[in-house]
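J.: For the sequence shown, the residue numbers in our numbering are 4 to 297.
Yeah, the Cβ is synthetic: ideal placement off N, Cα and C, and Gly gets one too.
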Amino acid sequence: MTLSIFVALIAFAFSATAQSPTPTPDDRFTIKGSTEIGARWVDVEGSENKFRSDFNYKRGFRVFDSGLTIEDTSKSGSKAFDALTILGSGWGADPNGYFRANMERDGYYRFDANVRRVVYFNNVNNHAVGNDLRNLHNSDRRRNFGDLDLTLLPQNPNIRFRVGYSFNFADGTGSTSTRISRGDVFPVFQDVDYTANDFRVGADGKVLGFNLSGTYGYRSFKDRTRFFVNNDPGDVTTNTVVINSMERTYPIDGETHFGVFSLNRTFAKVFDVTAKVTHAAVATDFTFDEVVNY
């Protein structure tokens with residue numbers, strides 16, 4: 004097989020930096036930023052599935068390698084932040100992208116956000132192909148996941164508080180295979196749908212010379228992936244085994260309560276005491292429903 008690929012990319016870069024050759028007392032914000040935007044055109048001659056499985060580049064608009072920094076140098080007690088930083092890349096026609104944000108005010112809080120997106124595609128005829136040269140194992144999925152964390156009194160050596168949230172979402176399509184009779188193999192298609200959410204609260208402090216840290220968290224998980232077959236003769240077409248329809252659901256609901264506590268202290272710079280306790284309580288509910296019509 005001959006695969007010819009032509010990719011054209013037009014990119015524009017903009018850079019903006021606050022210019023202040025002669026600062027004055029009224030100058031409050033220092034702003035620095037740059038962004039790169041572009042457009043990609045892709046033409047594939049050959050197997051597009053092979054190209055997407057290796058690269059998954061698409062034609063369209065792109066935003067990449069972009070950043071913005073804002074500093075508030077005023078002494079105002081009511082200002083929202085001292086520094087704000089935003090970074091991002093890979094959004095639009097790229098298969099992977101990320102977004103990061105950091106905002107803080109000294110002595111009050113620090114907020115960190117990290118969000119990512121991954122588009123995964125795999126459909127090549129090199130695994131579980133079958134007699135009719137079908138790829139029975141493939142995937143076309145999108146996954147979004149990230150972490151959001153807020154710390155109060157981040158520079159306080161005696162006490163500080165933490166709140167956090169994480170997520171992991173996935174959806175898309177795919178297929179696998181199942182064996183039923185006399186070695187016959189049938190493709191089983193999937194509609195992928197699962198979500199996971201994590202919530203965390205905690206505190207760090209110092210008591211009687213001991214560094215203490217505690218975190219409580221709750222995690223929920225839900226899977227609603229659907230499996231189905233529609234009127235398929237199977238891999239071996241010379242027998243009489245045919246699946247007219249198959250519908251399988253396997254809903255899963257899970258939750259986890261977890262806690263972590265640790266302490267540490269060094270005595271006279273020669274003796275160190277460290278302890279850590281972790282506990283998790285997990286519960287999972289699931290059912291299995293399948294209806295097959297031969």
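What's the C-alpha gap between M246 and F291?
T.: By 1-based counting over the sequence shown, the position of residue 246 is 243. By 1-based counting over the sequence shown, the position of residue 291 is 288. Note that residue 246 is Ile in the sequence shown here, rather than Met. The alpha-carbon atoms of I246 and F291 are separated by roughly 19 Å.
J.: For P190, which residues does DSSP report across the bridge?
T.: Position 187 of the sequence shown holds residue 190. P190 is bridged by DSSP to S180.
J.: Where DSSP assigns a beta bridge to V118, which residues make up the other side?
T.: For this step, residue 118 is matched to residue 115 along the sequence shown. As DSSP reads the structure, V118 sits in a beta bridge with F102 and G149.
J.: Just to confirm, is the Cβ distance from T176 to L139 under 8 Å?
T.: The residue labelled residue 176 in the question sits at position 173 within the sequence shown. The residue labelled residue 139 in the question sits at position 136 within the sequence shown. Taking 8 Å as the Cβ cut-off, T176 and L139 do not qualify as a contacting pair.
J.: For V294, which residues in the same chain have their Cβ closer than 6 Å to its Cβ, ignoring the five residues on either side in sequence?
T.: As a first step, residue 294 must be located in the sequence shown, where it is residue number 291. Within the same chain, V294 has close Cβ partners E250.
J.: So the beta strand (DSSP E) K35 belongs to, where does it begin and stop?
T.: Indexing the sequence shown from 1 puts residue 35 at position 32. Where K35 is concerned, the enclosing beta strand (DSSP E) stretches over F32 to E48.
J.: Taking Cβ to Cβ, would you say N125 is nearer than 8 Å to N141?
T.: Your numbering for residue 125 matches position 122 in the sequence shown. Your numbering for residue 141 matches position 138 in the sequence shown. Cβ atoms of N125 and N141: closer than 8 Å.
J.: Please determine if the stretch 209-217 and the stretch 182-199 are in contact, where contact requires at least 3 C-beta pairs separated by less than 8 Å.
T.: By the C-beta criterion, the stretch 209-217 is judged not to be in contact with the stretch 182-199, since fewer than 3 inter-stretch pairs fall below 8 Å.
J.: Under 8 Å between the Cβ atoms of F114 and G95?
T.: Working through the sequence shown from its first residue, we reach residue 114 at position 111. Working through the sequence shown from its first residue, we reach residue 95 at position 92. No. Outside cutoff.
J.: Pick helix, strand or coil for F54, following the three-state DSSP scheme.
T.: As a first step, residue 54 is located in the sequence shown; it is residue number 51 there, counting from the start. Three-state DSSP puts F54 in a helix.
J.: What three-state label does DSSP hand A206 in the structure shown?
T.: Taking the sequence shown and counting its residues from 1, one reaches residue 206 at position 203. A206 sits in a strand when the DSSP states are folded into three classes.
J.: Please report the residue range of the beta strand (DSSP E) in which K305 lies.
T.: Residue numbering for the chain in the displayed model covers 4 to 297; residue 305 lies beyond these limits and cannot be assessed.
J.: Could you give the distance in angstroms between the alpha-carbon of Y123 and the alpha-carbon of G100?
T.: The residue you call residue 123 lines up with position 120 of the sequence shown. The residue you call residue 100 lines up with position 97 of the sequence shown. If I take the Cα positions, the gap works out to 12 Å.
J.: If I measure Cβ to Cβ from K279 and keep anything under 6 Å in the same chain, skipping five residues before and after, which residues do I get?
T.: For the purposes of this step, residue 279 is taken as residue 276 along the sequence shown, with counting starting at 1. Result list for K279: S265, in chain order.
J.: Counting C-beta neighbours from all protein chains within 10 Å, is the total for T154 16 or more, i.e. buried, or is it exposed?
T.: Counting from 1 along the sequence shown, the entry for residue 154 is found at position 151. Around the CB of T154, 16 or more other CB atoms lie within 10 Å, so the residue is classed as buried.
J.: My guess is that D235 and P190 are in contact by the Cβ rule of under 8 Å, so how many angstroms apart are they, rounded?
T.: Walking along the sequence shown from the start, residue 235 turns up at place 232. Walking along the sequence shown from the start, residue 190 turns up at place 187. Rounded, the Cβ-Cβ distance is 6 Å, consistent with contact.
J.: Quick check on R62: buried or exposed, where buried means 16 or more other Cβ atoms within 10 Å of its Cβ?
T.: Indexing the sequence shown from 1 puts residue 62 at position 59. Exposed.
J.: Apart from the five residues on each side of it in sequence, which residues of its chain come closer than 8 Å, Cβ to Cβ, to R165?
T.: Looking up residue 165 in the sequence shown gives position 162. Once the five neighbours on either side are set aside, the close Cβ partners of R165 are D152, L153, T154, L155, R203, V204, G205, A206, D207 and T218.
J.: Would you kindly check if the distance between the Cβ of V127 and the Cβ of K53 is under 8 Å?
T.: Your numbering for residue 53 matches position 50 in the sequence shown. Your numbering for residue 127 matches position 124 in the sequence shown. Yes, they are a contact pair.
J.: Which first and last residues belong to the beta strand (DSSP E) in which V285 is found?
T.: Numbered from its first residue, the sequence shown carries residue 285 at position 282. Its beta strand (DSSP E) spans residues F274 to F289.
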